[in-house]
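First to last, the protein sequences are chains D and C.
Reminder that position 147 of the first sequence reads as 147 in full-length UniProt numbering, one-by-one numbering, no gaps.
Reminder that position 274 of the second sequence reads as 274 in full-length UniProt numbering, one-by-one numbering, no gaps.
Ideal Cβ placement from N, Cα and C applies to all residues, glycine included.
What you are looking at is a predicted structure, and each value in this text was computed from that prediction instead of being measured.
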Amino acid sequence: MDRRRFLQTASAFTVSAAVAGCLGSAGSDDEPSNSQTQSSGVPSIVENRPDGIYIPSHIEGMKMSGTAEQGDYAFGLMYSYAHRFWNVNGDSTTLTEIEDDDAIHLMANVWDPETGTVLPDTGLSVEIYQDDSLVSQETIYPMLSQPMGFHYGANFGLSGDGAYTVRLNVGAMTTRRTGSFQDRFSEPTTADIPFEYSEQERNEISFERFDTEAGTNGAVDPREMEMMPDSRAPSESTLPGRVIGTGMSNDAQFVVTVIESPPAGIDGDGQYIAVSSRTRYNQMVIPAMGIEGTLLRGDETVYDGEFTRTLDPELNYHYGAVVDSVESGDELTLQVTTQPQTARHEGYETAFGGLMGGMNDVTLAVE
Amino acid sequence: MDSFDGNPSRRQILKTAVAIGGASALSACLNNGGSEPIPSGDPAAKPPRQHAWREYIRHDKYDNSQLPKHQILLYVNFDEEGRPSPETRSTLEESLTVLDRGYEWSNEGLLHTIAYSASYFERFDQSLPEQVTLPQPRALSPFESPTFDTQDAVLHLASDRADVVLEAEQALRGERDTANGESVEAQLTDVATIDSRRTGFVGAGLPAERQDAEGIPDSNPVPEDSPLFMGFEAGFKGNQATEDYVTIEEGPFSGGTTMALSNLRQRLDDWYEEQSFDERVMEMFSPGHAENDLVEGIGSNLEDNSGIDEFVDNIEADAETHGRVGHAQKAARANRDAEGNVKLLRRHFESTDDIGSDQSVASLHFPSLQRRVSDFEEVRRAMNGTDLTQVTPAIRQRVNNGILEYIFVRRRGYFLIPPRRHRSVPMPQPESSS
Ligand code: HEM
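Put into structure tokens, the structure is as follows:
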């Protein structure tokens, strides 16, 4: 897509998930000097990982293949070395190892070209063609990684060096949408992105080991990406409404804001509580959780029920509920009933439920 | 019966003959060790319904229908513009009568139907009678964008014998002078042009033999006895509508039915390599089927009913508890009428067609017969499970949501299968005087 145009629209809409600086690189050109290529082998998973976000043994760079805009959607396509990740299905988190014939890890980002909002929680499938011949097709999984935040990804085999076409098929969003998003993202769309692959070029992608920091609490910095917004959640100060508190559940941070009335598209009278969930450290949106909450006023239960997955142009992705009112002295308890149903790159597999389970309830006292 | 299926070189030829087609494929089938005679037909002995197949094909010991092993679909456009002329009608009728004469109406002979699209009926000023609703095809899920098959008509040929479907096709194309000894006095291609030729197969052993197709992992996971690539049996008698049920009862097209005909690409890497058998059972049937060990192997032990009705009401609880829901479980929700009758008669078969290319890619041709196309649409929408993605984020648009992760709809067309008496370029109101 036209980068200048994106920056213009981004500033016009004061997007919190904008491309801060636009100086970083999606490729390997200016990686730090301690980076190396993967030829030295993939380090093993850190032993004694903490139960929470940690610095992984290594991190791989990536290369941008291209972008496309189609209908309501903008797409970005990137790739890196094939890597291991953890798949999440309900309560279970299981390691997916690299398979012998996997050549690359393909990553796709889908966002709204008007606001720069990354669209999590929809379905994405990928077809890879060489000339007219089908090389692969998969439904790919939503994923969280430290450098990229939310994206869709999978390992793929290829048939050698050459020119490919990657066709991205995005499904209509079924997540509740509000405000100007109500009537958008409601049709499936397909976009083709040309993809030049050479093994040699792939092997030039940076590969950085963290020998001393590996396994300590913390996260590697998000990679600033040219041409694409990232999935950073709005900062506390840019979230609409009155922020009534924040809490942490297994390194998922919940920032809770109250707005005077529900965003357009949600029925009900009263105030609206929005829980904006993001990764500790990098503040990347954490989608696809089941969240329930209880709002207590002394002995009275003001609300007890689901916080619905919702995408709003200002609140971004969040979990929301309409309540009569939120008053000083109220107590809000949030309970994660389903851990985020996103696959995890290394360093995230124990956090947010993950391999060791346990996302504690978060309780806030409203001031 | 086909006595040569045990012969390895014949099997090798059969494996690709129907897909490739043409005279050489046919002669390879014929030359490879002579066949038993093909039973010939009597036009007067054909059932009045073109879709009357069940009585004339094999059944397993539980009385489940066993669809003919080899099938060809010819999508055609008539050469004439506007209303078809009487000459077109008589040529087409004669070319179909050649098949009626040549082959017994059975799995050992040939079953064939011709069906017409809404686009075909747009040639006329008149509209279809009220008893027939035949819309244009459309997308039915929030995640598909199929190409629509809007050709005038589709001819469906089916037999247990590859040489029969090949020979019948060549007779229709005028590439043979005889069809099972009957002289070919008229040919389809005199009045119509074949726009798309598609082929397929179904039945124990045939998918396993063809699992080198793109879309199936290299580990040869398809069970030898499975009739379908995905490793299970489908079409239990108790989960299928009867032919009577799907038949239009009144009006000029009484005795006919509607057909939704889709093609779906199959991508079975994760189906076989990421999932255990129990997980496959959960996703194909229901989590309850896995929990109660109801399915052994390809599921023949289910006898004549998948038993899905018992698990339909549990679906939301299953989604919450197991983070997965079943394909049959979702579809069955919309597949019963108020009296509990099954609404769709599915006759799907496997393929290695990759429509638009010569590549061999696992796919499925999915003809579904029903009285009203809207019945199909409702069942297909129920199969999307969109409501279940709201119940828990563990059920995603395609993932953990039945078999949607592995199937990709590429084509869809809707057709009217008229009764035999109106099978040749029917008018929209064939029994009215105009
Ligand atoms: C590769 C694709 C497919 C495969 C392998 C497949 C396989 C199966 C199997 C094994 C069953 C359970 C046994 C039975 O009742 O027949 C089933 C049931 C069913 N399937 Fe599919 N199917 C596929 C696609 C579809 C599609 C596209 C539809 C569209 C409407 C569909 C509709 C149904 C229905 C209505 C049932 C029966 C549920 C009931 O008992 O009412 N299937 N399928």
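Assuming A191 (chain D) and F75 (chain D) make a contact with CB atoms under 8 Å, what is their CB distance in whole Å?
Distance from A191 (chain D) to F75 (chain D) at the Cβ level is roughly 5 Å; contact confirmed, criterion being Cβ atoms closer than 8 Å.
Please give the ranges of any beta strand (DSSP E) in the segment 12-94 of chain C, keeping only runs that are unbroken, at least 3 residues long and fully inside the region.
70-78
Between which residues of its own chain and G203 (chain C) is the CB-CB distance below 6 Å, once the five residues before and five after are set aside?
Excluding sequence neighbours, G203 (chain C) sits near K69 and P227.
Could you check the C-alpha separation between L239 (chain D) and E97 (chain D) for me, to the nearest Å?
39 Å
Pull up the distance between the alpha-carbon of D299 (chain D) and that of F307 (chain D), whole angstroms please.
So the two alpha carbons sit approximately 21 Å from each other.
Using a cut-off of 9 Å between C-beta atoms, extract the partners of H289 (chain C) located in chain D.
Correct list: empty, because the minimum Cβ distance to chain D is about 18 Å.
Check whether the segment 387-406 of chain C touches the segment 240-248 of chain C, taking contact to mean three or more Cβ pairs, one atom from each stretch, closer than 8 Å.
no
Quick check on residue 449 (chain C): buried or exposed, where buried means 16 or more other Cβ atoms within 10 Å of its Cβ?
This structure does not reach residue 449 (chain C), given that chain C is present from 1 up to 434, and the question cannot be answered.
Cutting at 8 Å between CB atoms, please list the residues of its own chain near G27 (chain D), excluding the five before and the five after it.
A caution first: G27 (chain D) carries a pLDDT of 36, below 50, which makes its placement in the model too unreliable to give a value.
Mind checking if G357 (chain D) is an interface residue toward chain C, Cβ cutoff 8 Å exclusive?
no
Any beta carbon of chain C sitting closer than 8 Å to that of D132 (chain D)?
yes
Tell me whether P135 (chain C) is buried or exposed, calling it buried when 16 or more other Cβ atoms sit within 10 Å of its Cβ.
exposed
Against chain C, does E107 (chain D) count as a neighbour if the rule is that its beta carbon must be under 8 Å from one of theirs?
The displayed chain sequence assigns Met, not Glu, to residue 107 (chain D). No, because no Cβ of chain C sits closer than 8 Å to the Cβ of M107 (chain D).
Closer than 7 Å to a non-hydrogen atom of ligand 3 - does that hold for the CB of M230 (chain C)?
No copy of ligand 3 occurs in the structure displayed; its ligands are ligand 1 alone.
Return yes when the C-beta of M383 (chain C) is under 7 Å from any heavy atom of ligand 1, and no when it is not.
yes
Rounded separation between L416 (chain C) and E279 (chain C) - CA only:
38 Å
Tell me whether A328 (chain C) counts as near ligand 1, meaning its Cβ is closer than 7 Å to at least one heavy atom of that ligand.
The nearest non-hydrogen atom of ligand 1 is less than 7 Å from the C-beta of A328 (chain C).
Might you give, ordered along the chain, the residues of its own chain that have their beta carbon closer than 8 Å to the beta carbon of Y103 (chain C), omitting 5 neighbours on each side?
I38, P39, S40, G41, G109, L110, S159, V164, A168, A179 and N180
Neighbourhood of D313 (chain C) by C-beta distance below 6 Å, restricted to the same chain and skipping five residues each side:
Excluding residues within five positions, none has a Cβ falling inside 6 Å.
Collapsed DSSP secondary structure at L206 (chain C) in the structure displayed:
L206 (chain C): helix per DSSP, three-state reduction.
Quick one, are the C-beta atoms of L119 (chain D) and V110 (chain D) less than 8 Å apart?
yes
What residues match up with D125 (chain C) in a beta bridge as DSSP calls it?
According to DSSP, D125 (chain C) bridges with nothing at all.
DSSP bridge partner residues for D192 (chain D) (one or two, in chain order)
D:R167
Quick one: Cα of L96 (chain C) to Cα of E283 (chain C), how far?
When rounded, the separation of the alpha-carbon atoms in L96 (chain C) and E283 (chain C) is 42 Å.
How about V379 (chain C) and L264 (chain C): do their beta carbons lie closer than 8 Å?
no
What are the start and end residues of each continuous alpha helix (DSSP H) run of 4 or more residues lying completely inside the segment 256-283 of chain C, in chain order?
With a minimum length of 4 residues, the continuous alpha helix (DSSP H) runs that stay inside the segment 256-283 of chain C are 269-273.
Segment limits, alpha helix (DSSP H) that includes S159 (chain C)
Careful: S159 (chain C) lies outside any alpha helix (DSSP H), inside the beta strand (DSSP E) at A153 to S159.
Is S368 (chain C) a contact residue of ligand 1, with contact defined as CB to any heavy atom under 7 Å?
yes
Proximity test, Cβ basis, 8 Å: A382 (chain C) and chain D
no
Runs of 3 residues minimum, wholly inside the segment 307-341 of chain C: which ones carry the beta strand (DSSP E) assignment?
Fully enclosed beta strand (DSSP E) runs of 3 or longer: not present.
Show which residues of chain D have a CB atom less than 7 Å away from the CB atom of R396 (chain C).
G123 and Q341
contact_flag[the segment 17-25 of chain C, the segment 271-278 of chain D] where n(CB pairs < 8 Å) is 3 or more:
They do not touch, by the three-pair rule.
Going along chain D, which residues have a C-beta under 7 Å from T389 (chain C)?
Contact annotation for T389 (chain C) against chain D: T174 [CB-CB distance below 7 Å, chain order].
Quick check: what's the CA-CA separation for A132 (chain C) versus L172 (chain C)?
Ala is not the amino acid found at residue 132 (chain C); the sequence shown has Val there. Approximately 28 Å between the Cα atoms of the pair.
Say whether chain D places a C-beta atom closer than 8 Å to the C-beta of E378 (chain C).
Chain D, which has no Cβ nearer than 8 Å to the Cβ of E378 (chain C), makes this no.
Once the 5 residues before and after V373 (chain C) are set aside, which same chain residues still bring their CB inside 8 Å of it?
T133, L134, P135, T258, A260 and Y414
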